[in-house]
Amino acid sequence: MTATETTDTTLRTVTLNVNGQTIRQEVESRTLLAYALRDAGLKGTHVGCDTSSCGCCVVLLDGDTPAKSCTMFAVQAEGHQITTVEGLGSPGDLHPLQQAFWDQHGLQCGYCTPGMLMTAKAMLEHNPDPTDQEVREFLSGNLCRCTGYNNIVKAVQQAARVMRDEAQAQALAGMVPSTPEGGAQ
């Protein structure tokens, strides 16, 4: 090690808000967010490259900002709301993206899928009606070595339609006048 290199092994307690839960951990200052999440039992965040090339480690910060957790320190995530793939849905109540990936065969080995899902969710928060080209461009930072991407794009488009339909139904439901007892007229 040269005089200009440092290794920060200082332990620090971090408090992370992950999927609506508070997690407190003691980590080295240099611990990457991906490893802190995995150490907390959240195994859906995968680490494929440690260089931010593959996108397997994508999580959402503050609801709609995708972040590659293999290049972010856990201490940098304090004060942010973190959503991992475990925060999308549950086995009995899949998020539209999870259901669409299942329906459209948007996964094979599944290693890249958590990062794809989280990146796609961020995209759909900002663009609820993307073209195929826009989906491909937004997912360009996520690598899949199995599927060839066509079914992933189909899955994102299916989820976008379902999410738009759900949003429209909720908007219409809010427009229906109700009686004083709470029922619709």
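Quick note: the sequence shown uses our numbering, first residue 2, plus one each step. Glycine included, every Cβ here is placed at the ideal spot set by N, Cα and C. What you are looking at is a predicted structure, and each value in this text was computed from that prediction instead of being measured.
- The alpha-carbon of F74 is positioned some 13 Å away from that of L12.
- In the DSSP assignment, L173 falls within the unbroken alpha helix (DSSP H) covering 151 to 176.
- The segment 129 to 144 and the segment 92 to 100 do not touch, with fewer than 3 CB-CB distances between them shorter than 8 Å.
- The alpha carbon of C57 has as its nearest neighbour, out of D63, S70, G64, the alpha carbon of S70.
- Listed in chain order, the beta strand (DSSP E) runs fully inside the segment 10 to 49 are 12 to 19, 22 to 29, counting runs of at least 3 residues.
- The C-beta distance from M117 to L140 rounds to 6 Å, short enough to meet the 8 Å contact threshold.
- Its chain contains G56, V59, P67, F139, L140, G142, N143 as the residues whose beta carbon lies nearer than 8 Å to that of T120, once the 5 sequence neighbours on both sides are disregarded; these appear in chain order.
- As the crow flies, the alpha-carbon of V163 is around 10 Å from that of A170.
- Per DSSP, the continuous alpha helix (DSSP H) segment holding Q100 begins and ends at 97 to 104.
- When rounded, the separation of the alpha-carbon atoms in T84 and M176 is 31 Å.
- Between C50 and C110, the beta carbon gap of about 15 Å keeps them out of contact (Cβ cut-off 8 Å).
- By the Cβ neighbour-count rule, N152 is buried, with 16 or more other Cβ atoms within 10 Å of its own.
- Taking the C-beta atoms as reference points, R39 is found nearer than 8 Å to T46.
- In this structure, the beta-carbon distance from E27 to T14 falls below 8 Å.
- A direct Cα-Cα distance of roughly 22 Å separates T132 from L61.
- Take Y150, set aside five residues on each side of it, and the residues of its chain with a beta-carbon closer than 8 Å to its own are R137, L140, in chain order.
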